[in-house]
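Numbering (our numbering), first residue to last: 5 to 125. Note that beta-carbon positions come from the ideal geometry of N, C-alpha and C, so glycine has one too. All of these numbers come straight from a predicted model, not from anything done at the bench. Please read the structure below before turning to the comments.
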């Protein structure tokens with residue numbers, strides 16, 4: 005499967021599916037209307053786009069929707085895209101910039117040291 009890039013509106017629907025495993029499109033529409041305010045047609049358009057991208061599988065009867073891509077996969081794809089866009093793909097440049105502006109607790113520093121230590125093995 006090629007990488008799937010998702011925009012914020014698509015991620016709203018994917019979050020529902022990652023949490024609930026399978027939902028009928030009508031139920032997705034009701035939830036999205038309540039929390040985001042989208043009309044049914046907007047939600048169905050975004051669901052169709054996600055089906056076309058291969059991120060959702062539709063099952064009948066009932067227009068049941070199920071994610072075909074994991075949250076972890078999408079997170080990894082978006083992280084690489086972010087690194088490429090802002091840091092020329094350099095993880096070390098990202099961490100240097102990001103960590104300069106953070107107040108880390110001693111526990112967070114230890115956790116980062118542990119993670120880096122595992123990479124050395």
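With a beta-carbon spacing of about 16 angstroms, residue 18 and residue 85 fall beyond the 8 angstroms limit used to define contacts. Within the model, the alpha-carbon separation for residue 68 versus residue 32 is close to 10 angstroms. The beta-bridge partner set that DSSP reports for residue 60 consists of 71. Excluding the 5 residues flanking it on each side, residue 81 has same chain C-beta neighbours closer than 7 angstroms at 7, 8 and 9, in chain order. Counting along the chain, residue 27 sits inside the beta strand (DSSP E) bounded by residues 26-28. By the Cβ rule, the stretch 48-63 counts as touching the stretch 12-28, because three or more pairs are nearer than 8 angstroms. Looking at the backbone, the Cα of residue 93 and that of residue 99 are separated by about 12 angstroms. Non-local beta-carbon contacts of residue 73 in its own chain, meaning distances under 6 angstroms to residues more than five positions away in sequence, involve 8 and 59 in chain order. For residue 45, the secondary structure class from DSSP, reduced to helix, strand or coil, is helix.
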